[in-house]
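Numbering (the numbering used here), first residue to last: 3 to 167. Beta carbons: idealized from backbone N, C-alpha and C, even for Gly. Quick notes on the structure that follows.
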């Protein structure tokens, strides 16, 4: 309702035509409209920050859950414990990851078994080995499934926040 009132106030114009060539336009309610716009922007900024924080937490949590189902038990605990979330200073962005050196090798596999999902090629390429030995670990994706599922939820949260005044 406030959203429609905002537009209503913005477009109340009174035209005072004194002569054919001279007229003044007075906009009533502009201060209220600007105040409503400010409130809407603050609401949306808070909603975006909340959505970013919730999404980051859910990505890390789901990735850790997925790790438990991989079957690569030797290092699962180490990877799970290396999970982290770093927020931008303004809280309008977050980085989620796992900082064990072998985390990407579990995610994407090694040797002839490498399987990189579409869209992750540039990221995965940085972990290419030197071909000194062939380990051939099968990929056990835990991170990108969590990321993909939560990105859909994130998009929906952003859409929902724009619908609310």
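Residue 104 by DSSP, collapsed to three states: which one? Within the chain shown, residue 104 is the residue found at index 102, counting from 1. Residue 104 falls in the coil class under three-state DSSP.
Cα separation between residue 62 and residue 93? As a working mapping, residue 62 is identified with position 60 in the chain shown. As a working mapping, residue 93 is identified with position 91 in the chain shown. The straight-line gap from Cα to Cα measures roughly 17 angstroms.
Span of the beta strand (DSSP E) around residue 85: In the chain shown, counting from the first residue as 1, residue 85 sits at position 83. Note, residue 85: beta strand (DSSP E), 85–89.
Going by beta-carbon coordinates alone, are residue 81 and residue 102 separated by less than 9 angstroms? Residue 81 sits at position 79 when you count from the first residue of the chain shown. Residue 102 sits at position 100 when you count from the first residue of the chain shown. Yes, the Cβ-Cβ distance between residue 81 and residue 102 is below 9 angstroms.
Drop a sphere of 10 angstroms on the beta-carbon of residue 88, count the other beta-carbons inside from all chains shown, and report buried for 16 or more, exposed for fewer. Residue mapping note: residue 88 aligns to position 86 of the chain shown, counting from 1. Exposed is the call here.
One or two residues paired with residue 97 in a DSSP bridge: Your numbering for residue 97 matches position 95 in the chain shown. Residue 97 is bridged to 88.
So residue 141 packs on residue 113, CB below 8 angstroms; how close in whole Å? The residue you call residue 141 lines up with position 139 of the chain shown. The residue you call residue 113 lines up with position 111 of the chain shown. So it is not a contact: roughly 11 angstroms between Cβ atoms.
Select from 70, 144, 67 and 91 the residue whose C-alpha is nearest the C-alpha of residue 54. Here residue 54 is taken as the residue at index 52 of the chain shown, counted from 1. For residue 54, the nearest C-alpha among the options comes from 91.
Ranges of the beta strand (DSSP E) found wholly within the stretch 46–75, counting only runs of at least 3: none
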